[in-house]
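K.L.:
Here you go, one structure.
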Amino acid sequence: TLFRSKLCERIAYTKFVVRVDSPEKICVMKDQPGAPPLTVLALSFKMVLHPKTNQHEIAVVAGVLMPEVSSSTPVESGMIMHAASAPNFVAVRPVNHKPVPIGIQEQARTKTGGLELVPNEQALLNFVLAKVMKLDPDVILGHDLTGFGLDVFLNRLASCKTRDWSRIGRLIQRKDLNAMVKSKLGNHVPDALAGRLVLDTLVSAKELCPREKDYSIPALAESLLNRKLHPRTDALATPIAFEYEQTLNALLRECVQDAEISLQLSNTLSVLPLSRQLTSLSGNVWSKTLRGARAERIEFLLCHELALIKPKLLLPDKLSKYDRKALEAASNPGSAIVQTEEKAGRRKPQYAGGLVLEPKKGLYDRYVLQLDFNSLYPSIIQEYNICFTTMDVDAMKNKAEDEIELPEAGLAEGVLPRVLRRLVEQRRAVKAVMKKEQDAAKVKQLDIRQLAIKLTANSLYGCLGFENSRFFARPLAQLITLQGRETLQRTIDLARDSFNAEVIYGDTDSLFVYTGLEDMMKVRALGTELKREVNKRYKTLEIEIDAVYARMLLLKKKKYAAMKVASLNEPQNLVREVKGLDLVRHDWCGLSRMVSSFAVDQLLSKDLSADDAIGNVLTNLDFIANQVMTNQIALQQYIITRSL
DNA sequence: TCCTGGAGCGC
DNA sequence: AGGCGCTCCAGGA
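Take 650 as the starting number for the first sequence in this note's numbering and just add one per residue.
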């Protein structure tokens, strides 16, 4: 039954309300129309700290609207420019009962730059709610929205006892917002915004760019958008900034810019199309994907797969910590219940992981060959048919690692190998279409799909070892890493015994071979031969030449620097690659990283002998020491960043 | 001196 | 609300 949503149907703030009597009456449309375009509203806030209550209060809100956004095609760069000219708004209210500067009042009166001046915080909150109601965005987007912006916003809505607070979402909610925001159980932001997607670019950037070190707006604008921003104030503004026209104007501009940058980040990272692909692959809920719930995505993927293959199979219960303890106590009635203190941080490892070789330390000045297994763990699952449907996981629960045996050969393909095989097939198909496609926008779209498939396949293993996962199966995770270690070791033995190759290092799925060669053709030939010899031993497992390095400095496990040959056809074109050294770590200051970087450059320089390089490094150290002593280094260079 | 955590990397 | 491995550095016994 379709209702026009009127006052009598106070369920949602939507145009229509649909009521269905039974889930059986829902079916999938045969000819699916394309997904409708989405309205995206980027929001950004500036807070002040109330001097007495010491609580965050909202002082400035900016919004940038981007209408008609496709969730399947990535946004083209031309569209991003369009966003800047789309209807923006920025609203400000007086702080500490002091009127805002006359110039700002004038701007607001003449509506310059979409500026709205409101008398107090309550009015500011209502202004935002009215805007959201009017624009009715499908997506509310911003940087650190879930951790800060919207969280504070909801707290202020609650504190100010704002009427009809649920207008921020699409579901009419009469719940006591105060009780909601004070509850420690989970994040209440998504619940309050039911009916809209919350896209937090901080969450998305952390997931999609895990190698980034600094996730602040200016840092991401520089590294991802190639935009250098002016020096900025903090999200937490000082009351003094509200007293002068110039500083307040800067604050307002910055607030609008934050919303705009956040929108561009989401576009550049293709967060909407990618999260939609991830969601449609796993069959979970889109808003959850945006919250980064990886384990839940895998859970849904496997639930759907099981329902398809073994429709009569009962799914395993999802056990809470309490449930697990109770079960354990029941199965071992004699044993004392061990009280394990769960700390917030990382726990001790529960089983063995990848093999890391002791590196043969030193500076290598002839070609080093790096070979990598493609998707090692997904490949192992397929290669050995590892699954809870091919092995008795319960029987192995308390067994030692070396007692866990591989499934017998000849068993039917398990669920996990099947899921992975199908993902691999899908990805291959997408890539094939990509090659033929001419339209650049469609290529980008396909690229996002293949990336989503890869991410999904690669996160399956992690969920097998994750205690709170519905499909938690430690014996499987153990067996997978064990096979990984053995596979790498067999490869090393083969390289040594059959090729007389010198393996200088290796980590989990990779090995580094010092070839001693100076002829790229011979290096390639060796790599190809090694690769062929390894790959012929497996059905699914596959090793590949990952890189060739002209020079390599190998210091410790997980710490090395090297000059990588950018393309095998142009061996002269070298790119520096650094792993684990101090200069890639933020807990060392800029000066230290700079000195370290200089040293690495010298040591890896093709034109220098080791002695000359060391000489240059020592000279530089003297020079820097002198600069330090004579106070010529900017204070900025001494800042270290480290979480506590 | 030995041992435990945390950070923050690498894979 | 994926996993483990390995430096480093602090701090306590």
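Virtual Cβ for every residue (Gly too), placed ideally from N, Cα, C.
Grouping DSSP H, G and I as helix and E and B as strand, with all else coil, what is Y1154?
P.N.:
As a working mapping, residue 1154 is identified with position 505 in the first sequence. Y1154: strand per DSSP, three-state reduction.
K.L.:
Can you tell which of C952, I910, E1151 has the C-alpha that lies nearest to the C-alpha of K961?
P.N.:
Within the first sequence, residue 961 is the residue found at index 312, counting from 1. Comparing Cα-Cα distances from K961 to each of C952, I910, E1151, the minimum goes to C952.
K.L.:
Just how far apart, CA to CA, sit Q754 and T882?
P.N.:
By 1-based counting over the first sequence, the position of residue 754 is 105. By 1-based counting over the first sequence, the position of residue 882 is 233. About 22 Å.
K.L.:
Is it buried or exposed, T1164, if we count other Cβ atoms within 10 angstroms and call 16 or more buried?
P.N.:
As a working mapping, residue 1164 is identified with position 515 in the first sequence. With 16 or more Cβ atoms within 10 Å of its Cβ, T1164 is classed as buried.
K.L.:
Could you please give the first and the last residue of the uninterrupted beta strand (DSSP E) stretch that includes T688?
P.N.:
As a working mapping, residue 688 is identified with position 39 in the first sequence. Residues 687 to 698.
K.L.:
Check for me: the beta strand (DSSP E) holding I1192 runs from which residue to which?
P.N.:
Position 543 of the first sequence, counted from the first residue, corresponds to residue 1192. First-last of the beta strand (DSSP E) with I1192: 1192 to 1205.
K.L.:
Drop a sphere of 10 angstroms on the beta-carbon of T759, count the other beta-carbons inside from all chains shown, and report buried for 16 or more, exposed for fewer.
P.N.:
One-based indexing of the first sequence puts residue 759 at position 110. That one is exposed.
K.L.:
Using three-state DSSP, classify S924 as helix, strand or coil.
P.N.:
Position 275 of the first sequence holds residue 924. Reduced to three states, the DSSP call for S924 is helix.
K.L.:
I need the DSSP call for N1269, collapsed to helix, strand or coil.
P.N.:
For this step, residue 1269 is matched to residue 620 along the first sequence. Of the three classes helix, strand and coil, the one that applies to N1269 here is helix, per DSSP.
K.L.:
Can you tell me the Cα-Cα spacing of D1096 and Q756, whole angstroms?
P.N.:
For the purposes of this step, residue 1096 is taken as residue 447 along the first sequence, with counting starting at 1. For the purposes of this step, residue 756 is taken as residue 107 along the first sequence, with counting starting at 1. Rounded to whole angstroms, D1096 to Q756 spans 46 Å at the Cα level.
K.L.:
Could you give the uninterrupted runs of the alpha helix (DSSP H) lying entirely in the region 860 to 946, keeping only those of 4 residues or more?
P.N.:
You should have 866 to 874, 894 to 917, 920 to 931, 935 to 939.
K.L.:
By the three-class DSSP mapping on this structure, what secondary structure does A1090 have?
P.N.:
The residue given as residue 1090 occupies position 441 in the first sequence. Helix.
K.L.:
Give the C-beta separation of S915 and L921 to the nearest angstrom, bearing in mind that I take them to be a contact with Cβ-Cβ under 8 Å.
P.N.:
Position 266 of the first sequence holds residue 915. Position 272 of the first sequence holds residue 921. Yes, S915 and L921 are in contact; Cβ-Cβ is about 7 Å, under 8 Å.
K.L.:
Using the Cα positions of A1001 and L964, report the straight-line distance between them to the nearest angstrom.
P.N.:
Here residue 1001 refers to the residue found at position 352 of the first sequence. Here residue 964 refers to the residue found at position 315 of the first sequence. Going by the C-alpha atoms only, they are around 28 Å apart.
K.L.:
Does the pairing of the region 1037 to 1052 with the region 1178 to 1188 give three or more beta-carbon distances under 8 Å?
P.N.:
Short answer: they don't touch.
K.L.:
Using the rule of at least 16 other Cβ atoms within 10 Å of the residue's Cβ for burial, across every protein chain shown, is S1216 buried or exposed?
P.N.:
As a first step, residue 1216 is located in the first sequence; it is residue number 567 there, counting from the start. Classification for S1216: exposed.
K.L.:
Can you have a look at T1177 and say buried or exposed, based on whether 16 or more other CB atoms are within 10 angstroms of its CB?
P.N.:
Within the first sequence, residue 1177 is the residue found at index 528, counting from 1. The residue in question, T1177, is exposed, as its Cβ has fewer than 16 Cβ neighbours within 10 Å.
K.L.:
Between H792 and I866, how many whole angstroms is the CB-CB distance? I'm expecting something under 8 Å.
P.N.:
On the first sequence, residue 792 is found 143 positions in, with the first residue counted as 1. On the first sequence, residue 866 is found 217 positions in, with the first residue counted as 1. Sure, about 6 Å apart at Cβ, within 8 Å.
K.L.:
I'd like the ranges of any beta strand (DSSP E) spanning at least 3 consecutive residues and lying wholly in the region 1012 to 1059.
P.N.:
1017 to 1022
K.L.:
Count the other CB atoms within 10 Å of the CB of H879; is the residue buried (16 or more) or exposed (fewer)?
P.N.:
Looking up residue 879 in the first sequence gives position 230. H879 should be labelled exposed.
K.L.:
Looking only at DSSP bridge pairs, what is E725 linked to?
P.N.:
In the first sequence, the residue the question calls residue 725 occupies position 76. According to DSSP, E725 bridges with nothing at all.
K.L.:
With 16 as the cutoff for other CB atoms within 10 Å, does Y1287 come out buried or exposed?
P.N.:
Working through the first sequence from its first residue, we reach residue 1287 at position 638. Its Cβ having fewer than 16 others within 10 Å, Y1287 is exposed.
K.L.:
Which one of P685, K824, A854, S832 has the shortest CA to CA distance from L790?
P.N.:
Taking the first residue of the first sequence as 1, we reach residue 790 at position 141. The shortest C-alpha separation from L790 is found at A854.
K.L.:
Is the Cβ-Cβ distance between V1172 and L1179 less than 8 Å?
P.N.:
Within the first sequence, the letter at position 523 stands for residue 1172. Within the first sequence, the letter at position 530 stands for residue 1179. No, Cβ-Cβ distance for V1172 and L1179 is not below 8 Å.
K.L.:
Distance, Cα to Cα, G763 vs T688?
P.N.:
Against the first sequence, residue 763 aligns to sequence position 114. Against the first sequence, residue 688 aligns to sequence position 39. Their backbone Cα atoms lie some 19 Å apart in a straight line.
K.L.:
Taking the DSSP output, what are the residues bridged to A740?
P.N.:
For the purposes of this step, residue 740 is taken as the residue at position 91 of the first sequence. Per DSSP, V710, E765.
K.L.:
Where L1160 and L1020 are concerned, what is the direct C-alpha to C-alpha distance, given to the nearest angstrom?
P.N.:
Here residue 1160 corresponds to residue number 511 of the first sequence, with the count starting at 1. Here residue 1020 corresponds to residue number 371 of the first sequence, with the count starting at 1. L1160 and L1020: Cα-Cα distance of roughly 5 Å.
K.L.:
Can you tell me which residues form a DSSP beta bridge with I789?
P.N.:
The residue given as residue 789 occupies position 140 in the first sequence. DSSP output for I789 lists L690, V847 as bridge partner(s).
K.L.:
Taking the alpha-carbon positions, what's the A732 to R902 distance?
P.N.:
The residue labelled residue 732 in the question sits at position 83 within the first sequence. The residue labelled residue 902 in the question sits at position 253 within the first sequence. Because A732 carries a pLDDT of 49, less than 50, the predicted location of this residue cannot be relied on, and the following value inherits that uncertainty. The straight-line gap from Cα to Cα measures roughly 15 Å.
K.L.:
Around the Cβ of P685, are there at least 16 other Cβ atoms within 10 angstroms (buried) or fewer (exposed)?
P.N.:
Start at 1 with the first residue of the first sequence, and residue 685 comes out as number 36. Burial call: exposed.
K.L.:
Rounded to whole angstroms, what's the CA-CA distance from L714 to A691? Just pull it up for me.
P.N.:
As a first step, residue 714 is located in the first sequence; it is residue number 65 there, counting from the start. As a first step, residue 691 is located in the first sequence; it is residue number 42 there, counting from the start. If you take the alpha carbons of L714 and A691, they lie about 6 Å apart.
K.L.:
Assign M715 to one of three DSSP states: helix, strand, or coil.
P.N.:
Taking the first sequence and counting its residues from 1, the one referred to as residue 715 is at position 66. M715 carries a strand assignment under DSSP once its states are collapsed to helix, strand and coil.
K.L.:
Where N703 and G752 are concerned, what is the direct C-alpha to C-alpha distance, given to the nearest angstrom?
P.N.:
Counting from 1 along the first sequence, the entry for residue 703 is found at position 54. Counting from 1 along the first sequence, the entry for residue 752 is found at position 103. N703 and G752 have their C-alpha atoms some 30 Å from each other.
K.L.:
Would you check if there are 3 or more beta carbon pairs closer than 8 Å linking the region 1196 to 1211 to the region 1008 to 1026?
P.N.:
yes
K.L.:
Would you list the one or two residues that DSSP bridges to K747?
P.N.:
For this step, residue 747 is matched to residue 98 along the first sequence. As computed with DSSP, K747 is found in a beta bridge with V744.
K.L.:
Drop a sphere of 10 angstroms on the beta-carbon of M696, count the other beta-carbons inside from all chains shown, and report buried for 16 or more, exposed for fewer.
P.N.:
Your numbering for residue 696 matches position 47 in the first sequence. So M696 ends up on the buried side.
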